[in-house]
Amino acid sequence: MVTFTEAQLLAWITPVLWPFLRVLALFSALPVLGQRSVPARVRVALSFLIAVCAQAGLPEMPVVPLDSGLGFMLVAQQVVIGLTLGFAVRIVFAAVEFAGELMGLQMGLNFAGFFDPATGGQATATSRFLGTMVSWMFIVIGGHLLIIDAVLQSFRVFPVAPEPFAFIRALRPEVWGAEIFSMGLWIAMPLVGMLLFVNLVLGLISRVASQMNVFSIGFPITLGVGLVGILLTLPMMQAPFTMALERMLERFQ
Numbered sequence: 001m002v003t004f005t006e007a008q009l010l011a012w013i014t015p016v017l018w019p020f021l022r023v024l025a026l027f028s029a030l031p032v033l034g035q036r037s038v039p040a041r042v043r044v045a046l047s048f049l050i051a052v053c054a055q056a057g058l059p060e061m062p063v064v065p066l067d068s069g070l071g072f073m074l075v076a077q078q079v080v081i082g083l084t085l086g087f088a089v090r091i092v093f094a095a096v097e098f099a100g101e102l103m104g105l106q107m108g109l110n111f112a113g114f115f116d117p118a119t120g121g122q123a124t125a126t127s128r129f130l131g132t133m134v135s136w137m138f139i140v141i142g143g144h145l146l147i148i149d150a151v152l153q154s155f156r157v158f159p160v161a162p163e164p165f166a167f168i169r170a171l172r173p174e175v176w177g178a179e180i181f182s183m184g185l186w187i188a189m190p191l192v193g194m195l196l197f198v199n200l201v202l203g204l205i206s207r208v209a210s211q212m213n214v215f216s217i218g219f220p221i222t223l224g225v226g227l228v229g230i231l232l233t234l235p236m237m238q239a240p241f242t243m244a245l246e247r248m249l250e251r252f253q
């Protein structure tokens, strides 16, 4: 009969356990894989597969009893780091959706809101449209590969160590909220500027030709120009989205 000691089991399990927990927490928080439509068993299977395949490129993992206080802290560290990385990616998606909110506000489409099952809140048509587009773009540009590379590189920057939450001081996630507004304004600024110019022209027309009912023609003109602006903006959105995603992931590499 083949028997194993507890030390041998820990030596076999812990090298896979730490990356498995970090990747699983990441996949649970990602905008695409973290949706309710993706079964939990799929995320678990992918996390285990990545943890096993990445063993050759990972640094040496500490062997710590899981029933000890340090083991509990290290488990919490992997979960928090994975969730933080997923939150960083969600910041980029939230910036694009915020840009859609700004575009919809200028186009007069903010009243066209509906329930978003992904977030559990209200979303406008333009915000949801841009969110869907960047979800597809995330897969097309290989964003999932960038995420996997970032989470594996994070074991060198933020290793499994006795100080489990020292990485929070280096990452400073409390200031990431400002990235939503800066990146959102960066993406929406061309269309917002175009619509502001259209509103300025309509204002001048209302002053010159006071008999013309600007309110009756202003909304279709603004809506039409906004839709054309979105059509022209979509091909150029890949560059700022990729740059923003890489900038957020550089914090973990």
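Using full-length UniProt numbering, the letters of the sequence shown map in sequence onto residues 1 to 253. Ideal placement from N, C-alpha and C gives every residue a C-beta, glycine not left out. For clarity, every value in this text was computed on a predicted model and none was experimentally measured.
>> Extract the residue ranges of the alpha helix (DSSP H) inside the segment 16-97, only unbroken runs of 4 or more that lie entirely within it.
In response: 40-53
> Relative to the alpha-carbon of I141, which residue among W186, G82, M243 and G57 has its alpha-carbon at the smallest distance?
Replying inline: M243
> Does the segment 48-56 touch the segment 12-21, meaning 3 or more C-beta pairs lie closer than 8 Å?
Replying inline: yes
>> Can you find the residues in the same chain that come closer than 7 Å, C-beta to C-beta, to V134, ignoring five residues on each side of it along the sequence?
In response: F93, V96 and F241
>> Can you confirm whether the segment 37-45 touches the segment 97-112 when touching is taken to mean that 3 or more C-beta pairs between the two stretches lie within less than 8 Å?
In response: no
> Could you check where the alpha helix (DSSP H) with E246 kicks off and where it finishes?
Replying inline: Q238 to L249
> If you check the beta carbons only, do L85 and A150 fall under 8 Å apart?
Replying inline: yes
> Just reading off the alpha helix (DSSP H) that N199 is part of, what are its end residues?
Replying inline: G177 to V208
>> Just to confirm my understanding: we take G71, look at its own chain, exclude 5 residues before and 5 after, and list those with CB closer than 8 Å. What are they?
In response: V64 and P65
> Grouping DSSP H, G and I as helix and E and B as strand, with all else coil, what is A99?
Replying inline: helix
>> Just verifying my parser: in three-state terms, what is the DSSP assignment at A123?
In response: strand
> Using DSSP with H/G/I as helix, E/B as strand and the rest coil, what is R172?
Replying inline: coil
> Do you know offhand how far W136's Cα is from L33's?
Replying inline: 12 Å
>> Please classify M189 as buried or exposed, where buried requires at least 16 neighbouring CB atoms within 10 angstroms.
In response: exposed
> Quick one: Cα of L145 to Cα of I205, how far?
Replying inline: 52 Å
>> DSSP three-state label for I141, please.
In response: coil
> By how many angstroms is the C-alpha of V175 removed from the C-alpha of L249?
Replying inline: 15 Å
> How would you label P31, buried or exposed, when you count the other beta carbons within 10 angstroms and need 16 or more for buried?
Replying inline: buried
> Is the CB-CB distance between F252 and V157 below 8 Å?
Replying inline: yes
> To the nearest angstrom, how far is it from the Cα of F129 to the Cα of F167?
Replying inline: 35 Å
> Shortest alpha-carbon distance to Q153 belongs to which of I13, V23 and M194?
Replying inline: V23
> Do you know how far the Cα of A209 is from the Cα of S28?
Replying inline: 58 Å
> Based on Cα-Cα distance, which residue from E163, W12 and R247 lies nearest to M73?
Replying inline: E163
> Is A150 helix, strand or coil by DSSP?
Replying inline: helix
>> I want to know whether the segment 75-82 touches the segment 177-188 - three or more CB-CB distances under 8 Å.
In response: no
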